[in-house]
Amino acid sequence: MRPVLLASALTLAALPGWAGDVTVFAAASLKNALDEVAAEFAQRTGNTTAISYAGSNALARQIIEGAPADIFISASTDWMDEVEKAGLTRQRGDLLGNTLVLIAHGTDAEAVPISSDTDLAGMLDGGKLAMALVEAVPAGQYGKAALENLGLWDGVQADVAQSDNVRAALALVAAGEAPLGIVYATDAAAEDNVTVVGTFPPDSHPAITYSAALLTGADGAGRAFYDALSGDPARAIFENHGFVVTD
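Take the sequence shown: its position 189, counted from the start at 1, is 188 in numbering that gives the first Met the number 0, and no numbers get skipped.
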């Protein structure tokens, strides 16, 4: 996403009346990286940022129901489409990509190839498979699609422990409450007490695309932050956290 800039973020922030809080609704998987982006933005422009993290589905519904926000960053273009259909976006674009992985509790789990031959039910050994809500949250939807395409869903469906968002699923595995989980690679990298044991083939699920939008209620500070998301400092931060930056 490279939007046409009316002026630089620094210039916008320097104009009288442009400084102020920016409210961002963002997919839970973005927390570590986006917190850094917001800190860099605040240091550079003087604008503070309040970020609400949750599943993209919940955030989209809140925005549609009237929750005040300047920016929405969704882990699914489908949920962004819903916000756009409601007439609440001024500008949107694809921002990032990610990878879907299988994680295990602890730091010494052995890697396994993920394919239609993977004995995922056997690996669970009576435990639970932590996933975000499989019918609503993007990480859960991608995970279910991958398992279905690989012919593994029926064998583990009864053992899936669903969470409100992908970070909650990550927490279940990190705490040892579930032996395995399906999350994004960037989530696994943010947690020391899990190990990536396998990566799902990219063609087993829809492409993971994070879409960002400037919402209709945003002011100049919101515009500045939206533009900053595709700037060089933000790109470097996202890449450092393992995201794939969309050109």
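Heads up, the beta-carbon is just placed ideally off N, CA and C, and yes, glycines get one too.
Among P178, E109, S73, L33, the one whose alpha carbon lies nearest that of A138
To locate residue 138, count along the sequence shown from 1; it is residue 139. Of the listed residues, the one whose Cα sits closest to A138 is S73.
Sequence-distant residues of its chain with Cβ nearer than 6 Å to G150 (five each side left out)
Within the sequence shown, numbered from 1, the residue matching residue 150 stands at position 151. Correct list, in chain order: S115.
Measure the beta-carbon distance from V36 to I102 and round it to whole angstroms, keeping in mind my assumption that it falls under 8 Å.
In the sequence shown, the residue the question calls residue 36 occupies position 37. In the sequence shown, the residue the question calls residue 102 occupies position 103. Approximately 25 Å separates the beta-carbon atoms of V36 and I102; this is outside 8 Å, ruling out the contact.
N97 versus P200 - alpha carbon distance:
Position 98 of the sequence shown, counted from the first residue, corresponds to residue 97. Position 201 of the sequence shown, counted from the first residue, corresponds to residue 200. Roughly 12 Å between the two C-alpha positions.
Secondary structure of L207, DSSP reduced to three states
Walking along the sequence shown from the start, residue 207 turns up at place 208. According to the sequence displayed, residue 207 carries Ile and not Leu. Reduced to three states, the DSSP call for I207 is coil.
Short of 8 Å in beta carbon distance, which residues of its chain neighbour H204, apart from the five on each side in sequence? Order them along the chain.
Working through the sequence shown from its first residue, we reach residue 204 at position 205. Closer than 8 Å at Cβ, skipping near neighbours: L99, Y141, G142, A144, A145, N148.
What is the DSSP secondary structure of G16, counted as helix, strand or coil?
For this step, residue 16 is matched to residue 17 along the sequence shown. At G16 the pLDDT is 37, less than 50, meaning the model places this residue with poor confidence; the figure from the coordinates comes in the next sentence. Coil, per DSSP.
Let me know the secondary structure DSSP gives F40 once reduced to three states.
The residue you call residue 40 lines up with position 41 of the sequence shown. Residue state, collapsed to three classes: helix.
Using DSSP with H/G/I as helix, E/B as strand and the rest coil, what is T76?
Position 77 of the sequence shown, counting from 1, holds the residue named residue 76. Residue state, collapsed to three classes: helix.
What is the DSSP secondary structure of A108, reduced to helix, strand or coil?
In the sequence shown, residue 108 corresponds to position 109, counting from 1. The answer is coil: DSSP assigns A108 none of H, G, I, E or B.
In three-state DSSP terms, what is I113?
Along the sequence shown, read from residue 1 onward, the residue named residue 113 stands at position 114. Note: I113 maps to coil in three-state DSSP.
Who are the Cβ neighbours of A85 in its own chain at under 7 Å, not counting the five residues just before and after it?
Translated into positions along the sequence shown, residue 85 becomes position 86. Result list for A85: I63, in chain order.
Sorted by chain position, which residues of the same chain lie with C-beta nearer than 6 Å to V172's C-beta, five sequence neighbours on each side aside?
Position 173 of the sequence shown, counted from the start, is the residue given in the question as residue 172. If we look at V172 and ignore the five residues flanking it on each side, its Cβ neighbours are I102, H104, A129, G180, V193.
Using CA coordinates, which residue listed in D158, E134, F242 is at the minimum distance from E176?
The residue labelled residue 176 in the question sits at position 177 within the sequence shown. Checking every option, the nearest Cα to that of E176 belongs to D158.
Distance between G121 and L87 (C-alpha atoms, nearest Å):
Residue 87 sits at position 88 when you count from the first residue of the sequence shown. Residue 121 sits at position 122 when you count from the first residue of the sequence shown. Straight-line Cα distance between these residues: approximately 46 Å.
Since L213 sits in a beta bridge, which residues does DSSP pair it with?
On the sequence shown, residue 213 is found 214 positions in, with the first residue counted as 1. Its beta-bridge partners are I70, Q90.
Which of helix, strand or coil DSSP assigns to S229:
As a position in the sequence shown, residue 229 is number 230, starting the count at 1. Reduced to three states, the DSSP call for S229 is coil.
Would you report the Cα separation of A188 and K30, rounded to the nearest angstrom?
In the sequence shown, the residue the question calls residue 188 occupies position 189. In the sequence shown, the residue the question calls residue 30 occupies position 31. Computed Cα separation, rounded: 12 Å.
Indicate whether V165 and A131 have their beta-carbon atoms separated by less than 8 Å.
Translated into the one-based positions of the sequence shown, residue 165 becomes position 166. Translated into the one-based positions of the sequence shown, residue 131 becomes position 132. In contact: V165 and A131 (Cβ atoms closer than 8 Å).
For K127, I'd like the list of residues in its chain whose CB is within less than 6 Å of its CB, leaving aside the five on either flank, ordered along the chain.
The residue you call residue 127 lines up with position 128 of the sequence shown. Closer than 6 Å at the Cβ level, and outside the excluded window around K127, lie D158, A160, A177.
Can you give the beta carbon distance from S51 to F71, rounded, assuming they're within the 8 Å contact cut?
For the purposes of this step, residue 51 is identified with residue 52 of the sequence shown, where counting begins at 1. For the purposes of this step, residue 71 is identified with residue 72 of the sequence shown, where counting begins at 1. Not confirmed; about 10 Å, so no contact.
Counted within 10 angstroms of its Cβ, other Cβ atoms place D20 as buried (16 or more) or exposed
As a working note, residue 20 is residue 21 in the sequence shown. With fewer than 16 other Cβ atoms within 10 Å, it is exposed.
To the nearest angstrom, how far is it from the Cα of A108 to the Cα of T208?
Counting from one through the sequence shown, the residue named residue 108 turns up at place 109. Counting from one through the sequence shown, the residue named residue 208 turns up at place 209. Rounded to the nearest angstrom, the two C-alpha atoms are 29 Å apart.
Could you tell me which of A211, A53, L169, T245 sits nearest to D69, measuring between CA atoms?
As a working note, residue 69 is residue 70 in the sequence shown. Closest by alpha carbon: A211.
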